Each structure stands twice: as structure tokens, then as C-alpha cells.
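Colleague:
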DNA sequence: GTAGGGTTAG
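Quick look at the structure:
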């Protein structure tokens, strides 16, 4: 996990609370076409029939009416009885379901399975167990249903017994057990079972990947995802991310072509897709449609727009769209506070918070995370301490690990390393690797090798494969010219199969993402890009810029180090931006890792030389470079 | 009868 996951965690979790996913589209469409098909076939075949009226009642949740029709049918089939039972269960009328189950003249395997599942869905494990024992015959579905019941109620041991006792096991049983292990926090057991599974389908993989991810093992999850793709299994729709978003946008434009007016939910979904793809141009087009339809002030649409603009680097438009929201809710305020935080507009974030309180909107955990990250990025130590104190006493807000990680970050960045360590050691919950990593990165910032070694040890105890910790530590050794220690760490990484995440930067132009690595010459415009970079390199020297060799972090000769530095991925991306956009316009670059200090210095001057604003989002925050200065005031 | 039952994700 990156050191500043706290901040990204905020952005990741907040859209979930108000964005409709593309899934909503497909779901809605499927539902629409299903019900349409159902109606036409029944009316065509018989004009009127008991069973179609019965089904309609069930669909409309008119249970008593459905039951009255069922009572009128001369000798209803088992499947109609079962359908009625399911209807009761879905509406939590378990006693009615049981009454009908006992009353029906003949019960088959499906009806038994359905009533057992019904008991479980209604929370009656005991009754489910009783019926399971009583049923005359069981198939693999009966066993799975019962096993899932135990897993759902945390009775892992009983579930395991059922798993081993059942006479036959199909893939769904294995999948259920794996998922059940994860649900009960038994990660190791899930992993072991996954190894034993006779064959794996997409559900097995998805259960494993999401299970690992939910238990903070995102690196392992990613590795497994690669394995899945390698083994020839195609990911289903949270995995082929860009395709999914492209699909969602296509549905949106198809709807418009068909003359169906998008509503607030289609807007949020489409805007969310633009946001994920960083496709600001397409987002703007959708924004215009929203204005035309008078939906710009709607709280859902407005929230999405706020997040879209601030995440794509344009905080001013983020603020502008936020202001237009008629009835701002907690999510709206959280979005703008988080946006300001990421752009280093700490004072704005705090002002927003004051206004939020004045407007009578209750802050929540996410508000607090946003505020703390705002303080961290703007170096507001005192404000951060006050807020932390304030929220610690706020009964409606539960302090979580992210809050602690942010506070450690605030203290650490300000050089209060001992206080930060004390906070970690006295936390009411056990610190996770994110918290220790925040401390470690502060140590790197202030070159405190001793504490860094302690913090790194704690990270490794919790997360032995954390590449970020290895990299931070080895960079710190490199800074101190302790090359033998650097080599030791690198050897360890190699032995343990841990690889450093390669740095890359990208520019999105006309919906196309151009990705660059350090020294990358694969882009068709490479020759022009490097000409530009070399030209800029000369100009930089004229401004008295001297490359800071410490940031090359390779044990090589100085001249070579300089070459490596001048071609860091962000600079190649900027070079591309310069030659392919209109003079004077803003260039927006995204980078997966933190920008190094040397590049930061160079880009400030570059912006002055080319008279352009350069917006760079690194893994920590947004930097706005203009006229020789950066919005972060060299504090990030 | 393509009808009523168990597994993941969003």
C-alpha cells in the first residue's frame, strides 16, 4: 500500500457512497427486458392465466393477493407453491412460508432446499438445521445451502464438518467455503483451500482476489489477478476497469441517441466512469448536458462533478460546481474538503468545514480524514492537533486507523518524530502497516535512520512483502551514502521476490492515455520529446539549476546520475505535453509514485521557462507549478 | 416448459 493511502482511501471510499456504478445500468436494463418479455409471452399465449396473474402479484410484492390467487388454482404445481414460499421469505414472512410448506400436498427437493434457504435468510439457523436433518433426501445444493448457513452465522467448525461429510462436492461448494473462510477472517484457510480446489472458475478467482483485497493484501490480490488472466480466465465486469467504464459511457450515449433523457443516476454513473478514466474532456461534455437538463444543481450530479474536477486536477472548477449544489449533504462537503486537501488548499478545506458546521450538516469519519490530510499537505501542525483533539472527543465519530495514519503523517512531516512514535505506541487499536509506513516516510523526510529502522521492522512484521517499506529504507541508506546497506536491502528484496513498483507518468489527451517510463523511447514522438528535454536541460542550467545527485539513488558515476534524473518519467511526460498541446495551455500529468525532490525543483523552473502551468498529481497530492513556484510550497 | 433451489464482484 502506498504511504499516503489515507488520502486515496478517502477518494476511493467516498464515491461508493453516492455513485451508481455501471453495474446499475446493466442491472436496470436486464430487469427491464426481463419483465417486458414476461408480460408479452403470457398475454400472447393465453390472454389471461392464473399463473401470470400470480407471478405479477409476487413481482409487485402483493403477497396476500398472490396467495388468494394460489388458493383459487385447482391443483397448483409444486413449483407454484415454492414460488409463493420464496415470495414470503423475500419479505421476511417466515411463519407464512413455513405454514405453506407444511400445507403443500407434495414436497420435492427444490421446495426443501428453498425453505431451508428461507430460514437462513430470515435468520433462523436452528429451524434450517432441523429441516435439513428431517429432509428425506439431499443433493449437493442442500448441503451447500446448509454449509453457507453455518458460515454466515460464524460457525466455521460445523461448516467444515459438513464440507468434509458431504457425499459429493461441486465447484460451487468449494467457492462457498473459500468465501466463507474470508467472511470469518480465516485468510490462511481460504488460501489453503484454494490450493486444493480441483479446478477453478471465475467465481473461485474472484472470491480469492476480493477476499485478499478486503483483508489488506492488495499486492497478493493483484498477483493472483495476473495469474488468473494468464490462466486464460477472463475477468468479469470492480476488473476490466477501463472496458467497463467505456461500456458505461457507451450506454449513456446510446440512451441519449434513443431519446431517453438521462436522470441523475445515469449522470452520476457516467461521470464516475469519466473520473476513473481521468477523461476530463468527456466529463465536460456530460457536464454540459447536465446543465441543459437543469440537473447541474442536483446534489448527486453536483457531488460527482465536484469529485471529477478535483480528481482530474482542476480544483477551481471543483469548487465552482460544488457551490452550485442546491442542497449540499455530507458527501458534498466531504468531496470538496477532500479535493481541497489533495490540492494543498488547506485553508479552504478548513473554511469549508466551518461552513459545513454552520449549515448544520453533520461531519463523519470521512470528513475527519479529509481535514487531517488537508492539514498534513499544508503543514498545519497546530490545526491538525486541534482537530484531532476535537474529533477524539466527538462521540458520534469513531477514530479509525486512517485517522491515526494521517495524524502520524502531520506530526512526522513537521519533524515531530518522537511525538509521532509515541502516538503510534499509545493508540487504542493495534497500528497497521499503513500507520508505520507513515512514520517511516517521515523518517526518510527528516533522515532519521535509527527510528526508520524501528518503523520498518514493524512494517515487515505486519506485512513482510511491503515493497514501499523496502524502497523507503533503501533510499534512506542511499541518502546517507551507506551503499552496502542499500545492497543488503536489494538482495533481501530479490530473495523474497519483492519488486519495486516501476515509476510511470501519463498524460491523457483526447481520451487517449500516453504512458511514459523513465528514459522511455517507445513513444512515436520520442525524438521530438527528447529534443525538447535536452533544450530545456540547457535552459535550466542557465537558471543555475544543478541536478541533485542524491535522488538518482544508483551507485553510479555522477554524469550518469544526471542523465537518469533528466529523464525521469514525469519529465518525459511533460516533454510530450509541451510538444502536443497549445502554447500557453495547462499541462496535466499523473504519476504513480511520489515526485522526487530534484524533479520538483526542475519542474518549477520549467514552468517558468515555458510560461505554462504544469499540474502534476503524484501518489501523494496535486502540485500546481507556475512561474517558478509550486502550490505545495515545497512541502509534500 | 425455458418454470421454483446453492457460489464471487459491482
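Numbering (my numbering), first residue to last: 376 to 1011. We put the CB at the ideal spot given by N, CA and C, even for glycine. Treat the numbers as computed from the prediction; the structure is a model and nothing was measured.
(1) Report the rounded CA-to-CA distance for residue 492 versus residue 524, giving the unit in angstroms.
(2) Count the CB pairs spanning the stretch 680 to 696 and the stretch 652 to 662 that are closer than 8 Å, and state whether there are at least three.
(3) Within 10 Å of its beta-carbon, does residue 636 have 16 or more other beta-carbons around it, so buried, or fewer, so exposed?
(4) If you draw a straight line from the C-alpha of residue 716 to the C-alpha of residue 521, how long is it?
(5) Name the DSSP beta bridge partners of residue 888, please?
(6) Is the beta carbon of residue 627 less than 9 Å from the beta carbon of residue 613?
(7) Compare the Cα-Cα distances from residue 551 to each of 953, 527, 882, 648 and report the closest residue.
(8) Going by DSSP in three states, residue 989 sits in which element: helix, strand or coil?
(9) Taking the beta carbon of residue 825 as the centre, do at least 16 other beta carbons fall within 10 Å, making it buried, or is it exposed?
(10) Is the stretch 812 to 823 touching the stretch 779 to 788 in the sense that three or more CB pairs, one from each, lie closer than 8 Å?
(11) What residue range does the alpha helix (DSSP H) around residue 698 cover?
(12) Using DSSP bridges, identify the partner residues of residue 965.
(13) In three-state terms, what does DSSP make of residue 971?
(14) CB residue 445 to CB residue 461, shorter than 9 Å?
(15) Please state whether the Cβ-Cβ distance between residue 712 and residue 755 is less than 9 Å.
(16) DSSP has residue 999 in a bridge; who is on the other side?
(17) Would you kindly work out how many angstroms separate the C-alpha atoms of residue 448 and residue 649, rounded to a whole number?
(18) Across which residues does DSSP place residue 1005 in a beta bridge pair?
(19) Can you tell me where the alpha helix (DSSP H) holding residue 553 begins and where it ends?
(20) Sorted by chain position, which residues of the same chain lie with C-beta nearer than 8 Å to residue 799's C-beta, five sequence neighbours on each side aside?
(21) If I follow the unbroken alpha helix (DSSP H) through residue 957, where does it start and stop?
(22) Could you check which residue in 776, 543, 434, 796 has the C-alpha nearest to that of residue 747?
(23) Distance check for residue 545 and residue 574, CA to CA, integer angstroms please.
(24) From this set, 571, 602, 561, which residue's C-alpha is nearest residue 581's C-alpha?
(25) Let me check you understand the geometry: is the CB of residue 910 closer than 8 Å to at least one non-hydrogen atom of the ligand SAM?
(26) Measuring alpha carbon to alpha carbon, tell me which residue in 702, 678, 709 is nearest residue 696.
(27) Can you list, in chain order, the stretches of the alpha helix (DSSP H) that have 4 or more residues and sit fully within the stretch 456 to 544?
(28) Look at residue 895 and residue 964 and say whether their C-beta atoms are less than 9 Å apart.
(29) Helix, strand or coil for residue 785, going by three-state DSSP, please let me know.
(30) Note down, in chain order, each residue of its chain lying with its Cβ closer than 8 Å to the Cβ of residue 851, except the 5 sequence neighbours on either side.
(31) Among 796, 864, 760, which has the Cα closest to the Cα of residue 875?
(32) In the DSSP assignment, find the alpha helix (DSSP H) that holds residue 757 and state where it starts and stops.
(33) In this structure, does DSSP put residue 604 in helix, strand or coil?
(34) Counting along the chain, where does the alpha helix (DSSP H) carrying residue 730 start and finish?
(35) If you measure between the beta carbons of residue 1004 and residue 966, is that distance less than 9 Å?
(36) Should residue 766 go down as buried or exposed, given a rule of 16 or more other Cβ atoms within 10 Å for buried?
Modeller: For this structure:
(1) Start at 1 with the first residue of the first chain, and residue 492 comes out as number 117. Start at 1 with the first residue of the first chain, and residue 524 comes out as number 149. If you take the alpha carbons of residue 492 and residue 524, they lie about 8 Å apart.
(2) Yes, the stretch 680 to 696 is in contact with the stretch 652 to 662.
(3) As a first step, residue 636 is located in the first chain; it is residue number 261 there, counting from the start. Per the 10 Å Cβ criterion, exposed.
(4) The sequence position of residue 716 within the first chain is 341, counting from 1. The sequence position of residue 521 within the first chain is 146, counting from 1. Residue 716 and residue 521 have their C-alpha atoms roughly 49 Å apart.
(5) If you number the first chain from 1, residue 888 lands on position 513. BP columns for residue 888 point to 883.
(6) Against the first chain, residue 627 aligns to sequence position 252. Against the first chain, residue 613 aligns to sequence position 238. For residue 627 and residue 613, no; Cβs fall outside 9 Å.
(7) Reading the first chain from its first residue, position 176 is the one you call residue 551. With distances taken between Cα atoms, residue 551 lies closest to 527.
(8) The residue given as residue 989 occupies position 614 in the first chain. Under the three-state reduction of DSSP, residue 989 is assigned to strand.
(9) Against the first chain, residue 825 aligns to sequence position 450. In summary, residue 825 is exposed, with fewer than 16 beta-carbon neighbours lying within 10 Å of its beta-carbon over all protein chains present.
(10) These segments touch.
(11) Working through the first chain from its first residue, we reach residue 698 at position 323. From DSSP, the alpha helix (DSSP H) with residue 698 extends over 690 to 698.
(12) As a working mapping, residue 965 is identified with position 590 in the first chain. Its beta-bridge partners are 881, 992.
(13) What you label residue 971 is simply residue 596 of the first chain in a count that begins at 1. Correct three-state label for residue 971: coil.
(14) The residue labelled residue 445 in the question sits at position 70 within the first chain. The residue labelled residue 461 in the question sits at position 86 within the first chain. No, they are not a contact pair.
(15) Along the first chain, read from residue 1 onward, the residue named residue 712 stands at position 337. Along the first chain, read from residue 1 onward, the residue named residue 755 stands at position 380. No, these two residues do not count as a Cβ contact at 9 Å.
(16) As a position in the first chain, residue 999 is number 624, starting the count at 1. Partner residues in the beta bridge of residue 999, as assigned by DSSP, are 990.
(17) Position 73 of the first chain holds residue 448. Position 274 of the first chain holds residue 649. One C-alpha to the other measures close to 53 Å.
(18) Within the first chain, residue 1005 is the residue found at index 630, counting from 1. Per DSSP, 1000.
(19) Translated into positions along the first chain, residue 553 becomes position 178. It spans 546 to 558 - the alpha helix (DSSP H) in which residue 553 sits, taken as one unbroken run.
(20) Position 424 of the first chain, counted from the first residue, corresponds to residue 799. Within its own chain, the residues whose Cβ lies closer than 8 Å to the Cβ of residue 799, once the five positions on either side in sequence are excluded, are 779, 783, 806, 810, 811, 814, listed in chain order.
(21) Position 582 of the first chain holds residue 957. Where residue 957 is concerned, there is no enclosing alpha helix (DSSP H), given that its DSSP letter is neither H nor E.
(22) The sequence position of residue 747 within the first chain is 372, counting from 1. Nearest of 776, 543, 434, 796 to residue 747, Cα basis: 776.
(23) As a first step, residue 574 is located in the first chain; it is residue number 199 there, counting from the start. As a first step, residue 545 is located in the first chain; it is residue number 170 there, counting from the start. Per the coordinates, the alpha-carbon of residue 574 lies some 10 Å from the alpha-carbon of residue 545.
(24) As a position in the first chain, residue 581 is number 206, starting the count at 1. Just measuring C-alpha positions, the residue of 571, 602, 561 sitting nearest residue 581 is 602.
(25) Looking for the ligand SAM in the displayed structure turns up nothing, as the structure carries no ligands at all.
(26) Residue 696 sits at position 321 when you count from the first residue of the first chain. Distance from the Cα of residue 696 is smallest, within the candidate group 702, 678, 709, for 678.
(27) Fully enclosed alpha helix (DSSP H) runs of 4 or longer: 469 to 478, 484 to 496, 500 to 509, 515 to 527, 531 to 540.
(28) As a working mapping, residue 895 is identified with position 520 in the first chain. As a working mapping, residue 964 is identified with position 589 in the first chain. Between residue 895 and residue 964, the C-beta spacing is not below 9 Å.
(29) Residue mapping note: residue 785 aligns to position 410 of the first chain, counting from 1. DSSP, read as helix, strand or coil, puts residue 785 in helix.
(30) Within the first chain, residue 851 is the residue found at index 476, counting from 1. Within the same chain, residue 851 has close Cβ partners 818, 819, 822, 824, 827.
(31) Indexing the first chain from 1 puts residue 875 at position 500. Residue 875 has its Cα closest to that of 864, out of 796, 864, 760.
(32) Along the first chain, one-based indexing puts residue 757 at 382. Segment 756 to 767, the alpha helix (DSSP H) holding residue 757.
(33) To locate residue 604, count along the first chain from 1; it is residue 229. Correct three-state label for residue 604: helix.
(34) The residue given as residue 730 occupies position 355 in the first chain. For residue 730, the enclosing alpha helix (DSSP H) has its first and last residue at 721 to 733.
(35) Here residue 1004 refers to the residue found at position 629 of the first chain. Here residue 966 refers to the residue found at position 591 of the first chain. Against a cut-off of 9 Å, the Cβ pair of residue 966 and residue 1004 comes out as no contact.
(36) Taking the first chain and counting its residues from 1, the one referred to as residue 766 is at position 391. Buried, because 16 or more other Cβ atoms sit within 10 Å of the Cβ of residue 766.
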